[in-house]
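Residue numbers (the working numbering), protein chains in the order written: chain U, 1 to 337; chain L, 338 to 674; chain P, 675 to 1011; chain G, 1012 to 1348; chain D, 1349 to 1685; chain V, 1686 to 2022.
Positions of the beta carbon are idealized from the N, C-alpha and C atoms, including for glycine.
Structure, rendered in structure tokens:
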């Protein structure tokens, strides 16, 4: 029987000019749907997980469209209340070569950000789940959303359900101080943490002398065991990206399991759409983790999942398991026919 | 020398599926810009008026795009402050035949709705103007916007500048009671009123016994002189629409100048996009009024301007004067070549 | 708790030029998915029914795309096997005015047409269902498909589940003789029949003297009681269409319940896409029938559902219940805002 | 063996906004190719005629694209020289409802208008032809083009090849005086004339008292025998159009064969693109004339050909013979499947 | 006078999402036409060859569209019968960077695969031809197609017409064993063979010790003389590709003429569409071979032809001779203006 | 107060297939507007300069569209006369990888090329200007245009307004001899010259022994002081481009101020649209020059402005000042959010 995962967060309408056009003189926007945890929910469903999304949408055609998008990937949307005033929105202008991508957020006062914990039957939703996932964005967007997230995490923890948390720090949503206070409050419930060394230093207050030197591996070796021990995580995972240009990145992943630091194959990627690649990494990790795979496999699967996302339009990683595995197992780029 | 008109109001980003598609399964939105008074500003500029728009846009690419749209029609945008959080937005699903058009607003807390009168140098903006235009929507969207509108109207009145006001009552923005209080407060400054008999009855509290009977002309003859006398308007104007279907309407216009009720030619229109047709009527009126035309001409020009708008994509009436005149003066629908 | 309906049939990939272009010089095809029963399944799900689709798709990206489409409408696709060689396909060239629409089928040897009854766990799929739906097309496309359909109908009948059957006679798929033999074989299981008087005469062999005269109502009054009695149907329903042009039709519906012939309001429709309107009629009937509505309501809901389908792109009737009700209850075609 | 027709004239690149947009704010143009005689050449080829086009295109990618378009319809382009400076161009803004279509020409100094008779091996091109076709536009665009046309007509006449001539008077290209002189010069070679009664009066100088009265049939009966006799035509043919709006026309055709005035069925047409409908009429006439059909058939076929063209994008009448025949023989507008 | 080439094979309708989208969530397909030999036919025609295509298409709009495409490139389609049930189809998902392209075939039972040799007047079609071309795909798709191919090859051989054969081995169509038997049967008629060393080893059963070592040139030097001698070919030609990623390949070509192994310039190519590049290589070879060029020129022309194809949308190599020559003769990538 | 710049030249309608398609089989053209000096005018306005464009457009919808485009960027179009016959046009086929871009001009006899100096009130237009800009193209397109340019330059010089001149030599418009004579005639009025060393050698007749050797810097050091001295320029500026492929260039800039040769950072650019990059260089120079920046800043700003233009669709450099500065000051290509 397939594993069940519950993901909680804001769904976002994404509006972006097509074909690398600039917003200023564009005459149309392509429509996609995103939001960190909703991407994870969709991606997990595509991989065959029984994936439940928890969010809220306005009770109008825009809300219907957002739900229809989740449903098209097979996500269970039956616990999503309808109401509130609006869907969180963001505008993406995809860069190219030496011109950067730009994101403009217009997400304030969304239906989800203003929804109340009482709208969600937490226990019923979590029933039978193997894992609950949320990111720092949900903690940051509103006190109401924080309350919802904390309630779900605590309850999941009580029910023996694994909890995964992606730091996903966004300086436009909250300060490092606020993040520090709130993230520390929920970390006791977390089993798997997606975060980089800067998150540990800047948000959790760890000290390091190695992280500012050239050999970043030493930083991991010094810092990660300390973090894992203090917070009792099973896993710490993150990706490492070098932005050669707005449309070419070099990308690899890292998974620490308390025993060894596992580093994936490195990919040089020509980018179509990098938004959602972090969520694809998270998804790849969670999927292989739930399947009981080794850390070596997990880091390869998570990273290949994220790498291939860069070549797919939209926030969702519309790709199946075998295509991900082929990417890290083989090296052929011939036409499949 | 060309006449100068100042229009005040919120600019709106409009997002709509193309080609009569439904929002729910659309993959892209066409981008247009609207807002009642901004439409009037753009339309007047296209007709050759020195047209000044007063609004506020966020200081990002979306704000730039909105300004660029106004500028493309020749509108003077130099008094528009940049800042605030977001652009007011609406979604339009254009209906067809027996399926209705739908509008979903997401305009709360826009940069303009939250802007303050102190951001506008009222006297300088109005300097040399022949007319100031605003609609009931601006009065309704926020107390701050009401204050801005009232200040402009009062100052225009003091400076001897004509003031035109379109009732434009929207039940989603305010109740009849609120509208009544606020509209009555600004009517003393108004010279030209765009409103139907229901506005006079429901908002201004006039009584009528003829308006519910079959011959609507009697209603006008009874009601309009009373309204004009009480509020000291120069003109009352409105359009009369019969919706045969979502894509076929029968349309005519009416102008009352205190002496006679002038009624235009009637048009049977296959509709491409009827949003903005009311603003095109207002524009046609104001343009011919400022040119010193007769009431008979004014009603024909205003109505033809509005009628042809139904066949043009977007909120703006991208059409020149001679095409409008041809419509009510001639009757040929042959290819112009 | 919502009603459960199981629909069985071939899913079709539809390829059509956009914007009334001709196939011969078109450079792209719009993608939609159809198939008579799959349309009913999608439409019922949109109305809130727990809708289960039974079909088969190839195990490749095209099959995935077809499933994703069904899922986007909320249809339960978990009983759909993957395999076989291809998806049934049809090309649609949408006509306009005096130019007819054309359909070219390329559906032979589809995954579903060549699937075997052993691939479907009939009893489990039907468990808890309120109704099972299939059409004559499934009976016609292959002996294997006939066997599947007959098995489901018989089992549903045994389990006390209502069975609805749409004659949907297509001369390109089978002769009247074949249709007669096979349809007669499954009619004992049928509770609700969608068929016109010509189906009763040509396929079931009823005789009529009134049906070729001017007053078609007499035909119904003579013929339908005889049919109902012989086959023990609860309901006979059909639509009546007049094709003024390829893009303008006059449309009404008829429901006979053994007591009275109920005829709906008549609609004059400008057409965007009439494919799937018959299935929208079926859906409107089944939905209101399952909700326990009166024959008067059923005929209005079924017909309004079908009428509005003509204005929606694609085979699926993407419309909610209140928009359908508004159409037959009110008569306003103003913008909803 | 199929008939051979040679058509001579300028090929035009047509640029038009899609979807009824206005040129002023359009961001792209659809590409089509036209020109009165080139349309006839393409249309005849689609109907199975061995159709030879004579024109000239610039020796660059635009010229290649124009040739490729002709070839895609099967037209023989092997006698078309390449060179000169540019392709004649026109911009089309397709009107809708009460908004008129507009054509802007930019055709001066095209490769064809500046080509010389010495570039065409007239005798070889005409060898084996059954008919030569040209229109007044070619006579008007330049003295060089007039010389080419006159040479072809004279030689065709000498070789016993039928000559058809469409008056196609365009006031932007020449005055009535110039047209009169030049058209009279070539009429001795003409067998079939496409012209309306106004052409006979204004260009050829015929007098009529009946043509300004209500019953236009009397005009034909008075005027056409006189014209036919004087110029020794086999046939005079024309269409009669009423422009209800820019997108709805009423249309019928007329063919006079010296014995009777044959009038076709009348069509009420919702228009997609009426440009090229006159050329479709000409084509329908020439095709059925060359097939040896009766005047009654000819007028029906020519008119149906023209009528259906109004529903097809582009200047070319992409439709086969049986679809044209169905239009005047049957009256069904059901989906063909 | 231009050379005449006859190409025999199945025409394929190609359906592909635009702009590197995935099939699973695409809403439209771009339409192109391909098929190995039909690509060669179109490409040769573009280069000025009198190119005859022999295939079969269904007698409907899809068949018409396929013919229109061939005709647009100037291909002679007059020997193509119409009939049968369907056009062979394939879906192409174009990959990008680390995501592979995918091809899904749906070509079974196409009109051509089920056509009979009696439908083709072989001698008349070959009359005056300089070369006949076919590929292994035609041999594989059906026994009927094999019979047609063999008949044409044998007759061409008898008539002294050169025969070119592209191995084009596709494991989805036949096994190595079947291919070996059938290809060996037709090789006696072949003058020019397009094949790589693996084809010679796996299909023809040659042995090699050098081909699995690093220096592939040694393999050619050992193997090709043996093959040429045994089968009496004039030429063996093939391309050598390195797939750096799905959108970047390194590409060069090889031509063996019995005397020397000629290797072309090497190209690093950013790919728009690599489908059809093999056929562009074949075309470039055949064209320069028929023009009597040297092996050195042939290998450069064939390879440049194939290289530039990678940058052109669709299966056809829409490029003229001078652009191909410029590519291998010069090295400038400046704008031509 | 913002600086005022007057730019004089022909506006061009640009028509180009989208998405790297070839012209030959494209079905639509994207619309852009260009022309060397009009690009500078638009770019300067985007950077905040009070930018006046002087050109002429036809008095029709195409002319309106061209003006609307300039206005959308904020350019002052109030001195542009309407009339004449046509807009200058060019077709652009954007190349990719090893396939070159192509430009086809159709600009002869444009409204501007045939306009007369008497249509421009030179003194009034130049009033208050800080700089006047024109390029060699305007000198070349017609004697009338030369006269207009010379008159403006002379008058600007008299009024103490700086004059900038871009050599922009195009061999299709004039010979080196003509260019030499006419350019020498206007150089006495020029303060800032945009030209490369080949312009100085080929057009102005300077001799150099170093320019054909490997170290191009020596060429600048020898040649530029001589040119500056002779013509009394303040600045000489140019860009240096290496075309790795049609879609990858290496690009840097050079500014000589009489004291030192300043060379910018070098950019490796993946290209979306390189047309207009030279004008973007000119604009970046003029903007920073007018802002009183150092030569070091000027060369960086001009080059970054040009570099980023390569990644923006259309001829206009739609980018703001801070994005340009970021490009040469920082090196991050991360998403801005």
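Residue 212 of chain U burial status per 10 Å Cβ neighbour count (16 or more: buried): The count along the first chain starts at 1 and reaches residue 212 of chain U at position 212. Exposed.
Alpha-carbon spacing of residue 578 of chain L relative to residue 132 of chain U, whole angstroms: On the second chain, residue 578 of chain L is found 241 positions in, with the first residue counted as 1. On the first chain, residue 132 of chain U is found 132 positions in, with the first residue counted as 1. Cα to Cα, residue 578 of chain L sits roughly 55 Å from residue 132 of chain U.
DSSP state of residue 2008 of chain V mapped onto helix, strand, coil: Numbered from its first residue, the sixth chain carries residue 2008 of chain V at position 323. Residue 2008 of chain V falls in the helix class under three-state DSSP.
Minimum C-alpha distance to residue 1680 of chain D - residue among V/1718, V/1711, V/1787, V/1915: As a first step, residue 1680 of chain D is located in the fifth chain; it is residue number 332 there, counting from the start. Nearest C-alpha to residue 1680 of chain D: V/1787.
Closest by C-alpha distance to residue 1847 of chain V, when choosing among V/1692, V/1899, V/1936, V/2013: Counting from one through the sixth chain, the residue named residue 1847 of chain V turns up at place 162. With distances taken between Cα atoms, residue 1847 of chain V lies closest to V/1692.
Integer-rounded CB distance, given that residue 614 of chain L should sit under 8 Å from residue 646 of chain L: Reading the second chain from its first residue, position 309 is the one you call residue 646 of chain L. Reading the second chain from its first residue, position 277 is the one you call residue 614 of chain L. Distance from residue 646 of chain L to residue 614 of chain L at the Cβ level is roughly 4 Å; contact confirmed, criterion being Cβ atoms closer than 8 Å.
Option in P/866, P/706, P/853 with minimal Cα separation from residue 907 of chain P: Counting from 1 along the third chain, the entry for residue 907 of chain P is found at position 233. Shortest Cα-Cα distance from residue 907 of chain P to any of P/866, P/706, P/853 involves P/866.
Neighbourhood of residue 930 of chain P by C-beta distance below 6 Å, restricted to the same chain and skipping five residues each side: Numbered from its first residue, the third chain carries residue 930 of chain P at position 256. Answer for residue 930 of chain P: 898, 910, listed in chain order.
Whether residue 444 of chain L touches residue 427 of chain L by CB criterion (8 Å): Counting from 1 along the second chain, the entry for residue 444 of chain L is found at position 107. Counting from 1 along the second chain, the entry for residue 427 of chain L is found at position 90. Yes, Cβ-Cβ distance for residue 444 of chain L and residue 427 of chain L is below 8 Å.
Positions along the stretch 594-618 of chain L whose CB lies within less than 7 Å of some CB in chain G: Residues passing the 7 Å Cβ filter: 604, 606, 607, 609.
Three-state secondary structure (DSSP) of residue 1272 of chain G: Position 261 of the fourth chain holds residue 1272 of chain G. The answer is strand: DSSP assigns residue 1272 of chain G an E or B state.
Option nearest residue 1949 of chain V by Cα separation, candidates V/1965, V/1934, V/1785, V/1987: In the sixth chain, residue 1949 of chain V corresponds to position 264, counting from 1. When only C-alpha atoms are compared, the closest one is V/1987.
Closer than 8 Å to chain U by CB, residue 1368 of chain D: As a working mapping, residue 1368 of chain D is identified with position 20 in the fifth chain. Closer than 8 Å to some Cβ of chain U, the Cβ of residue 1368 of chain D qualifies, so yes.
Proximal residues of chain V, C-beta to C-beta of residue 411 of chain L below 9 Å: Looking up residue 411 of chain L in the second chain gives position 74. 1752, 1753, 1756, 1762, listed in chain order.
Beta-carbon neighbours of residue 1928 of chain V, restricted to chain D and to distances below 8 Å: Here the question's residue 1928 of chain V lines up with position 243 in the sixth chain. Those within 8 Å of residue 1928 of chain V in chain D are 1680, 1681, 1682.
Neighbourhood of residue 472 of chain L by C-beta, 6 Å cutoff - its chain only, sequence neighbours within 5 removed: Counted from its first residue, the second chain places residue 472 of chain L at position 135. 373, 374, 503, 505.
Beta-carbon neighbours of residue 313 of chain U, restricted to chain D and to distances below 9 Å: The count along the first chain starts at 1 and reaches residue 313 of chain U at position 313. Ordered by position in chain D, the residues that pass the 9 Å Cβ test against residue 313 of chain U are 1367, 1368, 1369, 1370, 1373.
is_contact[residue 436 of chain L, chain P] using C-beta, thresh 8 Å: Locating residue 436 of chain L in the second chain gives position 99, counting from the first residue. True, the Cβ-Cβ gap to chain P drops below 8 Å.
C-beta neighbour in chain U for residue 441 of chain L, strict 8 Å: Working through the second chain from its first residue, we reach residue 441 of chain L at position 104. With 8 Å as the cut-off, residue 441 of chain L counts as an interface residue toward chain U.
Ranges of the alpha helix (DSSP H) found wholly within the stretch 868-899 of chain P, counting only runs of at least 4: Taking only runs of at least 4 residues, the alpha helix (DSSP H) segments lying wholly in the stretch 868-899 of chain P are 871-876.
Near-chain U residues of the stretch 361-381 of chain L (beta-carbon distance less than 7 Å), N- to C-terminal order: Hits within the stretch, in order: 361, 362, 363, 364, 365, 366, 367, 368.
Pair within 8 Å by beta-carbon distance, residue 1096 of chain G and residue 1708 of chain V: As a working mapping, residue 1096 of chain G is identified with position 85 in the fourth chain. As a working mapping, residue 1708 of chain V is identified with position 23 in the sixth chain. At least 8 Å separates the beta-carbon of residue 1096 of chain G from that of residue 1708 of chain V.
Beta-carbon gap between residue 2019 of chain V and residue 138 of chain U smaller than 8 Å: Mapped onto the sixth chain, residue 2019 of chain V falls at position 334. Mapped onto the first chain, residue 138 of chain U falls at position 138. Residue 2019 of chain V is not a Cβ neighbour of residue 138 of chain U, given a cutoff of 8 Å.
Of the listed residues L/424, L/521, L/525, nearest to residue 543 of chain L (C-alpha basis): Within the second chain, numbered from 1, the residue matching residue 543 of chain L stands at position 206. Answer by Cα proximity: L/521.
Contact with chain V by residue 1395 of chain D, beta-carbon distance below 8 Å: Counting from one through the fifth chain, the residue named residue 1395 of chain D turns up at place 47. So, not an interface residue.
Proximity test, Cβ basis, 8 Å: residue 1248 of chain G and chain L: On the fourth chain, residue 1248 of chain G is found 237 positions in, with the first residue counted as 1. When Cβ-Cβ separations below 8 Å define contact, residue 1248 of chain G makes no contact with chain L.
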